[in-house]
Amino acid sequence: MKKFILFLFLASSLFSDTFYTLDNIKNIRMYSTTSTTFLDKQKIAEIEEFAKKRLLEAGFIFDGDDSATFMVKIEAIEIQDTHAIYIEIGVGEEVKTLREGDIYSFAFTYLVNDLIESDDPYTDTLESLDFLISQFIEAYKADNE
Amino acid sequence: MKILISLILMFTLGLSAQIDEFASEVNYSRDYAQALQIAKEQNKLIMLVAVGDYCPWCKKFERKTLNSKEIRARVSGEFIPLIIDRVSDKGKYPQEFYAQVVPTVFFINPKTQKSVFESMGYMKPSDFSSDLDSAKAKFKKAK
Numbered sequence: 094m095k096k097f098i099l100f101l102f103l104a105s106s107l108f109s110d111t112f113y114t115l116d117n118i119k120n121i122r123m124y125s126t127t128s129t130t131f132l133d134k135q136k137i138a139e140i141e142e143f144a145k146k147r148l149l150e151a152g153f154i155f156d157g158d159d160s161a162t163f164m165v166k167i168e169a170i171e172i173q174d175t176h177a178i179y180i181e182i183g184v185g186e187e188v189k190t191l192r193e194g195d196i197y198s199f200a201f202t203y204l205v206n207d208l209i210e211s212d213d214p215y216t217d218t219l220e221s222l223d224f225l226i227s228q229f230i231e232a233y234k235a236d237n238e
Numbered sequence: 306m307k308i309l310i311s312l313i314l315m316f317t318l319g320l321s322a323q324i325d326e327f328a329s330e331v332n333y334s335r336d337y338a339q340a341l342q343i344a345k346e347q348n349k350l351i352m353l354v355a356v357g358d359y360c361p362w363c364k365k366f367e368r369k370t371l372n373s374k375e376i377r378a379r380v381s382g383e384f385i386p387l388i389i390d391r392v393s394d395k396g397k398y399p400q401e402f403y404a405q406v407v408p409t410v411f412f413i414n415p416k417t418q419k420s421v422f423e424s425m426g427y428m429k430p431s432d433f434s435s436d437l438d439s440a441k442a443k444f445k446k447a448k
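Those protein sequences? They're chains E and Z, same order as listed.
The numbers in my numbering rise by one with no breaks, and the one at position 32 of the first sequence is 125.
The numbers in my numbering rise by one with no breaks, and the one at position 94 of the second sequence is 399.
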């Protein structure tokens with residue numbers, strides 16, 4: 094029993110964190126890409142606004158210059174009356190690799206996703222996005238405390 | 306065949322280069338026998354850090370925790386630190402410290418060569434600092 098409790102404790106402490114390093118990310122720009130039948134332009138704008146609001150509240154700024162890209166990706170397929178929806182968020186930026194010749198490359202320095210099945214796709218997508226952004230903000234705070 | 310051997314060699318050397326670079330940066334030993342000798346002379350715990358090159362949590366543990374000012378100061382003054390690659394360094398350190406998961410840190414009593422405390426997984430500097438205290442307390446008790 095003790096081992097099980099210890100395992101739960103270790104697991105929960107690990108899952109609240111990420112192996113990505115999120116130090117000093119401050120300035121970001123929003124990029125969204127969608128492939129669904131249930132999101133029109135207005136709803137995509139609402140989703141972007143929702144994500145931006147959460148990130149602004151967490152202290153990020155949307156300046157534009159030398160900023161990392163915060164990506165929101167939503168893809169879905171309709172299966173009869175329901176939708177299978179894949180939601181992913183990530184941070185992309187130019188990084189220096191360890192390859193010979195100091196090669197720089199665009200790379201995702203944070204990536205997390207969720208796969209849901211839903212009869213109310215817009216509401217559930219927002220809920221999932223909220224969950225993913227919360228995870229990101231928590232990991233960001235842990236790395237920058 | 307020669308090309309394959311060369312590629313394997315280059316790959317292996319590439320792996321060891323990163324761990325060697327980190328060891329040199331934070332002043333950790335890469336030689337178990339040497340660390341044991343120094344630990345016996347100074348009567349300090351060996352802090353054996355087992356990592357894997359494929360392990361992103363290990364990289365983060367190295368960068369954010371072991372390389373932090375607080376932990377570097379404590380480790381250099383209070384322990385004899387050693388870092389090994391769980392896979393490529395096999396055979397160069399005692400089998401009982403072949404970690405099941407990485408990163409794992411073994412705190413080894415140099416007299417008995419037994420682990421008095423183990424710390425598993427990624428930890429923030431403040432949490433790892435508490436583990437350093439626990440390891441030292443166990444060592445003191447065992448003396």
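Even glycine gets a Cβ: it sits at the ideal position worked out from N, Cα and C.
For residue 126 of chain E, which three-state DSSP category applies?
-> strand
Three-state secondary structure assigned by DSSP to residue 141 of chain E = In this structure, residue 141 of chain E counts as helix in the three-state DSSP scheme.
The beta strand (DSSP E) with residue 216 of chain E in it runs from where to where?
-> No beta strand (DSSP E) contains residue 216 of chain E, which is instead part of the alpha helix (DSSP H) from 214-237.
Contact list for the segment 349-369 of chain Z against chain E, Cβ threshold 7 Å | Within the segment 349-369 of chain Z, the residues whose Cβ lies closer than 7 Å to some Cβ of chain E are 361, 362, 365, 368 and 369, listed in chain order.
Apply the 10 Å Cβ neighbour rule to residue 382 of chain Z and answer buried if 16 or more other Cβ atoms are within range, or exposed otherwise.
-> exposed
Length-filtered (3 minimum) beta strand (DSSP E) runs lying within the segment 328-376 of chain Z | 350-356
Would you mind giving the Cβ-Cβ distance between residue 182 of chain E and residue 143 of chain E, rounded to the nearest angstrom? I have them listed as a contact below 8 Å.
-> So it is not a contact: roughly 12 Å between Cβ atoms.
Below 8 Å between beta carbons: does that hold for residue 161 of chain E and residue 141 of chain E?
-> no
Residue 112 of chain E: contacting residues in chain A (beta-carbon distance under 8 Å) | The question asks about chain A, but that chain is absent: this structure's protein chains are E and Z.
Which of helix, strand or coil does DSSP assign to residue 148 of chain E?
-> helix
Proximity to residue 424 of chain Z [Cα-Cα], best of Z:378, Z:337 and Z:404 = Z:404
For the segment 150-181 of chain E, list the beta strand (DSSP E) runs that are entirely contained and at least 3 residues long, ordered along the chain.
-> If only uninterrupted beta strand (DSSP E) runs of at least 3 residues are considered, those enclosed by the segment 150-181 of chain E are 161-172.
Using a Cβ-Cβ distance under 8 Å, would residue 397 of chain Z count as near chain E?
-> Residue contact with chain E for residue 397 of chain Z: absent (no Cβ-Cβ distance below 8 Å to any residue of chain E).
Determine the direct distance from the alpha carbon of residue 361 of chain Z to that of residue 414 of chain Z, and round the result to whole angstroms.
-> If you draw a straight line from the Cα of residue 414 of chain Z to the Cα of residue 361 of chain Z, it comes to about 29 Å.
Report the residue from Z:353, Z:417 and Z:420 whose alpha carbon sits nearest the alpha carbon of residue 380 of chain Z.
-> Z:353
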